[in-house]
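Chemist:
4 protein chains.
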Amino acid sequence: MCGIFGIYSFSNKDVARKIYYGLYALQHRGQEGAGIVVSDGTEFHSHKGLGLVPEVFNNENINLLKGYIGIGHVRYSTTGGSVIENCQPFIVNSSLGNLAIAHNGDIVNSHIIKKELEKQGHIFTSSTDSEVLAHLIVKELLKTKDIIQSISNVSKDLIGAYSLIILYNNTLIAVRDPKGFKPLCIGKDDDNYYISSESCGLDVVDAELVRDVNPGEIVTINKDGIESCYVSDNISPKNASTCMFEYVYFARPDSVIDGISVYNVRRNIGKILAKEEPCDADIVSPVPDSGITSAIGYSEELDIPYYEGLIKNRYVGRTFILPTQEERNLAVRLKLNPVKSILKDKKVVLIDDSIVRGTTSKRIVDMVRKAGAKEVHLRIGSPKIISPCFYGIDMPTKEELIASSKSVDEIREFINADSLGYLSIEGLIKAIGRKNLCLACVSGNYPTDISLKFKK
Amino acid sequence: MCGIFGIYSFSNKDVARKIYYGLYALQHRGQEGAGIVVSDGTEFHSHKGLGLVPEVFNNENINLLKGYIGIGHVRYSTTGGSVIENCQPFIVNSSLGNLAIAHNGDIVNSHIIKKELEKQGHIFTSSTDSEVLAHLIVKELLKTKDIIQSISNVSKDLIGAYSLIILYNNTLIAVRDPKGFKPLCIGKDDDNYYISSESCGLDVVDAELVRDVNPGEIVTINKDGIESCYVSDNISPKNASTCMFEYVYFARPDSVIDGISVYNVRRNIGKILAKEEPCDADIVSPVPDSGITSAIGYSEELDIPYYEGLIKNRYVGRTFILPTQEERNLAVRLKLNPVKSILKDKKVVLIDDSIVRGTTSKRIVDMVRKAGAKEVHLRIGSPKIISPCFYGIDMPTKEELIASSKSVDEIREFINADSLGYLSIEGLIKAIGRKNLCLACVSGNYPTDISLKFKK
Amino acid sequence: MCGIFGIYSFSNKDVARKIYYGLYALQHRGQEGAGIVVSDGTEFHSHKGLGLVPEVFNNENINLLKGYIGIGHVRYSTTGGSVIENCQPFIVNSSLGNLAIAHNGDIVNSHIIKKELEKQGHIFTSSTDSEVLAHLIVKELLKTKDIIQSISNVSKDLIGAYSLIILYNNTLIAVRDPKGFKPLCIGKDDDNYYISSESCGLDVVDAELVRDVNPGEIVTINKDGIESCYVSDNISPKNASTCMFEYVYFARPDSVIDGISVYNVRRNIGKILAKEEPCDADIVSPVPDSGITSAIGYSEELDIPYYEGLIKNRYVGRTFILPTQEERNLAVRLKLNPVKSILKDKKVVLIDDSIVRGTTSKRIVDMVRKAGAKEVHLRIGSPKIISPCFYGIDMPTKEELIASSKSVDEIREFINADSLGYLSIEGLIKAIGRKNLCLACVSGNYPTDISLKFKK
Amino acid sequence: MCGIFGIYSFSNKDVARKIYYGLYALQHRGQEGAGIVVSDGTEFHSHKGLGLVPEVFNNENINLLKGYIGIGHVRYSTTGGSVIENCQPFIVNSSLGNLAIAHNGDIVNSHIIKKELEKQGHIFTSSTDSEVLAHLIVKELLKTKDIIQSISNVSKDLIGAYSLIILYNNTLIAVRDPKGFKPLCIGKDDDNYYISSESCGLDVVDAELVRDVNPGEIVTINKDGIESCYVSDNISPKNASTCMFEYVYFARPDSVIDGISVYNVRRNIGKILAKEEPCDADIVSPVPDSGITSAIGYSEELDIPYYEGLIKNRYVGRTFILPTQEERNLAVRLKLNPVKSILKDKKVVLIDDSIVRGTTSKRIVDMVRKAGAKEVHLRIGSPKIISPCFYGIDMPTKEELIASSKSVDEIREFINADSLGYLSIEGLIKAIGRKNLCLACVSGNYPTDISLKFKK
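Protein chains in written order, with full-length UniProt numbering: chain V, 1 to 456; chain D, 1 to 456; chain Y, 1 to 456; chain W, 1 to 456.
1. Between the stretch 14-47 of chain Y and chain D, which residues of the former have CB atoms less than 7 Å from a CB of the latter, in chain order?
2. In angstroms with no decimal places, state the Cα-to-Cα distance between residue 73 of chain V and residue 89 of chain V.
3. Any beta-carbon of chain V closer than 8 Å to the one on residue 153 of chain W?
4. So, at 7 Å on beta carbons, what are the nonlocal neighbours of residue 13 of chain W in its own chain, with the 5 sequence-adjacent residues on each side left out?
5. Examine the Cβ distances between the stretch 262-277 of chain V and the stretch 334-353 of chain D and report whether three or more of them are shorter than 8 Å.
6. Could you work out which residues of chain V lie near residue 138 of chain W, taking near to mean beta carbons separated by less than 8 Å?
7. For residue 425 of chain Y, collect the residues of the same chain with a Cβ closer than 7 Å to its Cβ; drop the 5 residues on either side in sequence, then sort them by chain order.
8. Can you tell me the Cα-Cα spacing of residue 370 of chain Y and residue 310 of chain Y, whole angstroms?
9. Tell me whether residue 176 of chain W sits in a helix, a strand or coil according to DSSP, three-state version.
10. Inspect the beta-carbon positions of residue 284 of chain Y and residue 306 of chain Y and report whether they are closer than 8 Å.
11. What three-state label does DSSP hand residue 237 of chain V in the structure shown?
12. Quick check: what's the CA-CA separation for residue 138 of chain Y versus residue 125 of chain Y?
13. Thinking C-alpha only, which one of Y:158, Y:301, Y:222 and Y:183 is nearest residue 167 of chain Y?
14. Whose Cβ in chain D lies nearer than 9 Å to the Cβ of residue 261 of chain V?
15. In the DSSP assignment, what are the bridge partners of residue 171 of chain D?
16. Can you tell me the Cα-Cα spacing of residue 218 of chain Y and residue 331 of chain Y, whole angstroms?
17. Judging by CA-CA distance, which residue of D:448, D:2, D:403 and D:76 is the nearest neighbour of residue 164 of chain D?
18. I'd like to confirm the pairing. Which residues does DSSP put opposite residue 3 of chain D in its beta bridges?
19. Whose CA, out of V:447, V:122 and V:18, lies closest to the CA of residue 95 of chain W?
20. Have a look at residue 174 of chain W and residue 110 of chain W and give me their C-alpha separation to the nearest angstrom.
21. Which same chain residues, not among the five before or five after residue 86 of chain Y, have their C-beta less than 6 Å away from its C-beta?
22. Measuring only the C-alpha atoms, how far is residue 29 of chain V from residue 106 of chain V?
Put into structure tokens, the structure is as follows:
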């Protein structure tokens with residue numbers, strides 16, 4: 001999970017501020033760090049930092065970023081120490097010019113490729129896939145002297161997920177892997193072409209959504225305009241496997257991915273879930289924020305009143321003083337508070353988007369009970385998560401995924417709910433309205449070879 | 001608008017961390033600054049700063065705040081430069097001991113009192129009402145030698161709104177003005193008594209809501225327990241005039257004020273608004289976040305589907321780079337984005353909590369239209385705001401209040417809506433379920449003399 | 001110890017930046033905090049903060065300080081927590097206008113006065129003498145309606161040291177106590193009058209030193225020009241008792257105080273010390289920085305070569321990681337390092353300005369011995385410090401002053417020097433060239449009543 | 001100009017704090033940034049940042065640097081934007097392990113080598129020589145599998161100055177280039193071996209100076225102890241060309257470089273300068289701080305009294321508000337202030353260490369004249385600087401060096417001195433007491449080929 005954004009200004013205007021706004025709209029895709037690189041035609045200028053977009057950038061440093069082509073990145077908060085060295089875009093200098101890469105996704109075999117390159121004398125300074133990609137591309141470039149050919153060649157060695165925006169000298173390039181795991185779209189206004197992880201990034205700069213970058217497509221934008229080609233001949237959108245969790249959870253509801261409104265998907269999920277797993281409850285209540293839209297759909301379908309039984313503290317940020325061991329439940333209370341007047345003596349059905357470890361669900365069910373609910377039922381807007389993701393979503397190990405080893409009823413017992421129901425895989429496909437999805441985490445069937453992930 | 005919180009620990013444990021959690025839950029009442037003062041029985045220790053609660057406090061400075069009685073304050077962001085000198089609680093030293101005050105509300109005649117005190121030789125270092133209150137109380141204290149008598153005497157001179165928590169030597173005191181303008185409640189657990197602006201502050205520390213502080217009541221907590229008295233004999237809850245906007249907009253929906261659930265009020269508002277100002281629309285959509293609950297009630301009453309047609313960027317904070325003049329619309333777009341797939345070709349009724357100047361409403365209506373809505377109707381969950389507030393709510397002047405000079409139809413024309421409807425005053429009273437409210441801003445009838453406000 | 005600076009611009013130009021430069025030159029008088037207050041003729045604007053002048057001020061906040069009259073302050077680092085509330089200038093609002101005070105010195109009876117004022121209902125928010133002064137002046141002002149009369153009246157009650165710069169509405173006022181404990185001088189250029197703690201503050205803004213403010217003098221500068229009067233009739237410069245340590249240690253050597261060059265005094269001290277306490281050494285070496293000029297004089301007088309045997313780390317600041325208990329000697333080594341090639345096998349006479357507790361001298365003598373010196377002699381450019389200062393110099397208690405209870409030979413033994421010699425009181429008077437000095441700390445004779453200091 | 005420091009702890013204790021102290025003592029060699037990398041035997045841990053050593057490090061981040069071998073670096077402030085990417089030590093990961101490099105010096109042909117490496121597919125992320133060195137060493141390592149052999153091979157391709165400390169897996173390696181341009185020495189105590197740019201770095205941690213690293217020597221420290229070898233057979237200390245400016249200006253006076261005390265050199269410079277360029281003056285005065293020691297020597301030789309005629313503001317840091325164009329002279333006044341009582345009506349001879357552009361000297365002479373000096377003579381403790389340095393000293397271009405095109409008399413005229421005298425090259429050699437010096441900047445004879453510097 002990361003967000004990427006790029007602009008090519010045909011009128012040669014500075015683009016850094018617009019990239020800043022674009023990243024602002026993509027902030028939900030990553031809060032750990034942010035960076036912008038622009039080219040003024042001869043030189044690259046960049047600024048990166050740890051924190052939210054408005055914490056990293058200010059008028060002073062934005063104004064120093066003079067350039068009419070540029071790319072930006074917001075980095076997802078992962079476990080372990082966050083260091084500025086891992087912030088993107090990643091910039092390298094080669095004998096054929098400067099190259100900057102912004103990457104969203106995980107490449108399954110990057111550690112194998114890195115080891116191979118190291119044997120050949122390549123030297124790495126960060127622990128990111130982006131640096132591996134940069135090395136591969138520059139290595140090819142020295143052979144082919146052609147950036148598009150190089151990207152195309154490199155892609156043949158890559159297994160996994162990569163939506164890329166590349167700034168190479170005076171050219172802006174967008175690449176989406178052949179499986180189209182992660183979203184990437186093209187925008188336009190009178191002066192500029194845009195590339196954005198999600199269409200909500202285009203809305204904020206008042207650009208028009210032209211279309212999505214196709215799986216396996218390389219889009220090139222330079223002074224001659226926009227061009228397209230594919231990393232190989234045998235690519236078909238039918239074979240795509242776009243991450244279903246983009247629709248279920250990650251993407252902003254106001255985004256449209258591959259022609260499908262994320263909002264509509266979430267609403268559909270609620271309706272289908274209601275048909276598959278109805279509940280004789282007095283009220284439907286979402287676990288905010290991710291369960292809200294599905295809960296409305298669920299309520300509508302079953303004609304059970306929708307109530308906001310849990311209130312989220314809008315100011316809960318990343319930096320509150322960590323509660324000590326005995327204050328763990330406090331951490332949940334700081335974030336969510338039940339509305340007793342709603343819940344008291346009611347049969348409540350809670351709607352959440354997913355269950356990972358089960359511990360948070362357990363705390364929430366407990367909180368709703370303590371607030372006076374007579375019964376607490378839980379309905380989940382996605383199937384059981386049974387396998388980890390290797391394409392860019394931060395998940396615990398298989399052992400920690402509660403659904404990998406427990407039945408629905410065992411999970412229900414663990415979280416202490418009166419009943420528990422998940423959306424079926426078929427229901428999910430129907431809600432999204434497309435079949436070419438990556439369902440690895442809920443089916444265990446990975447759309448690419450993942451054996452290399454475990455090779456050392 | 002400010003939030004206040006206090007604790008007395010009978011088991012003599014440090015209270016600063018719990019005050020921190022309480023202020024965290026009251027953060028919606030003020031984001032400009034925060035402060036905590038504690039007493040260890042002999043000395044006061046304090047820390048204040050500008051910014052959000054988790055920005056002002058960290059483990060290091062919280063650990064330095066040793067003391068078993070304490071009060072805290074979150075300050076509302078007002079226009080003009082924010083300076084640390086105005087942060088509360090306000091602490092003073094007198095010959096009879098130390099006194100700290102945390103204040104929520106505006107005192108109409110404080111400038112007159114201040115001038116009078118200045119003539120008598122009093123000297124002020126901040127521009128806050130709290131300092132004026134501190135001077136008055138200490139002045140009385142030198143006469144009466146009794147803190148409760150002093151507070152009682154002082155209250156006779158005060159016109160306006162004041163919910164106070166006072167730390168005087170080893171005593172914690174809560175005061176609510178005779179009109180009960182601002183909320184204030186009492187909580188309890190095995191070890192502590194609590195005072196909080198709203199009951200959601202008690203929930204976060206797992207304390208039980210005992211009751212509200214009554215209008216005109218002085219609650220005293222010390223080693224001998226809790227006691228209560230009134231600032232004068234002729235006070236009756238019937239004569240209270242509690243700010244109706246606490247229910248409509250300010251308070252957190254999970255709070256209960258004077259026995260009435262804020263959430264229920266907002267839901268009722270939607271229902272009554274639906275009856276008073278129905279609309280033949282395809283969908284009901286809230287202006288997030290403040291219009292959400294009323295929109296659900298509106299939708300339920302009229303059986304029009306509820307859709308989230310505008311998505312709010314959850315990361316919009318206080319510190320983004322200010323857009324230049326020509327980028328004003330961008331500022332709204334950074335905050336709200338329409339979901340075109342929902343709005344396209346629809347007759348949309350938008351629900352918002354209030355209209356102040358009208359300019360933001362105009363931009364939102366425009367945004368919804370551009371997103372493809374066929375018709376845009378606006379319904380407001382409160383009556384027309386025609387008069388400024390003198391009791392603590394930051395409002396523009398009467399001239400800037402669009403409803404002070406324009407009819408509903410003129411306002412509708414200004415904001416370019418297809419229709420516009422406000423909740424009636426009677427509807428509002430019915431929704432809240434109590435009559436003893438301050439309705440000054442919507443009726444022009446002020447519950448206290450306000451002539452002094454204009455005296456120089 | 002603090003530094004104060006003020007400007008009145010007759011050409012109505014903004015003065016904040018020049019005050020910033022003046023405070024920069026007075027930085028040696030205080031590093032804990034800094035502040036500037038200016039008046040634009042109707043309003044005061046101020047900025048204060050903890051830290052060095054260039055840390056507190058930047059172009060942005062300096063530019064906001066619009067005003068043609070202004071005063072500034074640098075605060076001395078004292079023991080205990082430093083808090084922004086104690087930073088000066090101290091600003092108060094009264095019914096007769098705004099008043100800001102910048103104060104250098106300690107008022108012996110301020111705690112008595114404060115207690116008295118508290119009994120009368122005055123309320124204090126800081127623990128500074130400046131606030132007490134402000135209250136006294138405003139109290140008088142309400143009676144007399146005349147600022148100069150008020151200052152004059154107030155001064156009758158004050159015992160101790162006070163060099164003040166006061167900004168009252170549109171008037172700049174400089175006051176020096178009748179004993180002239182602390183320096184204060186007047187400067188001038190084509191556009192402005194200046195007041196500064198030391199003449200080096202005038203040099204930096206290229207102003208001409210007009211003269212010192214006389215003991216007991218009140219200098220008033222407003223649109224009508226500059227005027228002078230005295231706090232009482234029976235004041236004579238002969239009765240002054242200016243702090244001798246200003247010449248010996250505090251003031252910058254390029255300053256001129258009461259017509260006497262500080263540099264020359266320090267040089268003289270070395271020469272007279274050489275006559276009084278000669279030494280048969282191979283080299284003379286200063287303890288940098290304060291012993292340098294006297295060491296040169298000492299070397300010159302005895303014709304013993306001058307060598308810099310100890311090198312000071314120029315980057316030692318206030319913020320290095322505190323060494324643990326066992327690393328105490330490291331703290332001295334971080335600051336000072338011996339030059340072995342100079343000291344090896346030499347008879348060394350070290351020159352320092354004073355001995356307070358004796359522990360640092362002991363460490364330095366030890367360090368020089370370890371570096372190979374054959375003999376280590378110590379000569380001190382001031383008499384034995386036997387009594388604490390009550391006029392503004394931060395000193396330990398009498399018990400901690402090593403010379404209060406030990407003879408010269410006992411001190412010599414404690415610090416492990418081969419010989420030890422102090423400048424005599426007569427020698428000091430001769431070196432400075434004036435008799436009207438405060439010698440309390442070396443003679444025990446206080447020029448004012450100090451009994452109130454010990455009254456509670 | 002940079003400072004480097006390394007420790008190997010045989011008792012396996014954490015070394016980060018001692019490296020911090022070492023860097024503190026080397027702070028004069030670089031103020032732009034600092035970094036420390038340690039190895040715990042399996043992993044590297046590092047922290048870097050912009051600013052002074054105590055600004056970059058605190059107890060928290062020092063405590064996280066767990067490891068018993070480590071290296072540190074302070075970076076010199078160069079023109080242009082300072083970015084964290086250029087901070088050292090530079091860390092790389094290769095298939096044969098981790099490598100960190102701290103580098104002091106400039107490699108003349110690094111840009112040629114970099115270009116060659118880029119052609120071979122190497123990719124660079126910073127603009128530092130250190131990264132080029134890291135790539136070369138790792139490349140050799142893949143061939144030879146031996147770190148010492150690799151360093152030795154690499155050194156054959158390098159032209160220029162490099163004192164290096166390398167951390168490779170569990171080995172600490174010190175390297176000094178065959179010409180010994182930059183200093184580097186070895187220290188020892190009971191538990192540790194140390195490597196430091198200057199011996200003052202050893203003093204601060206109470207380590208004993210063992211000896212200097214010889215020109216062309218590679219010193220290896222690991223669990224088996226310390227070993228030494230040379231980069232080639234034909235290296236002789238006689239052929240060294242150590243930077244003379246280390247003795248004249250850069251190094252701390254308490255350091256000993258190649259067995260010669262820096263303090264003694266500066267004193268000698270003053271004496272020899274006095275013989276070569278005597279002056280019939282009333283007083284000798286240094287331009288502080290760099291001219292002080294030589295001025296004392298000059299004064300001693302000619303028996304003219306030594307006076308500190310210019311006082312330096314000890315608090316002038318890196319961050320004061322930049323004066324506008326018309327305030328340029330103010331910038332000098334903020335830093336230096338003349339003591340009028342010393343200078344008035346005197347014939348003054350000023351001693352400075354060097355003249356670069358001449359503009360600062362001109363301002364200082366002017367300042368001394370304005371302070372009342374009758375005559376102002378200038379004597380310079382080094383020969384005319386006529387050629388730029390290519391080995392690591394930040395100097396302007398040849399055109400900007402005033403002595404590259406002007407005669408002594410023309411320079412005298414420009415700076416408006418009554419007379420001007422430089423130390424001769426022979427005098428300088430005599431003062432230092434060794435002939436194997438780099439005198440390129442004063443002679444134009446470069447000890448290495450520099451033609452590659454200008455090749456593109």
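Glycine residues also receive a C-beta, built at the ideal position from the N, C-alpha and C atoms.
Modeler: According to the structure data:
1. none
2. 6 Å
3. no
4. 68 and 191
5. yes
6. 121 and 123
7. 383, 439, 442 and 443
8. 12 Å
9. strand
10. yes
11. helix
12. 16 Å
13. Y:222
14. 339, 340, 341 and 342
15. D:168
16. 45 Å
17. D:2
18. D:74
19. V:122
20. 20 Å
21. 126 and 128
22. 14 Å
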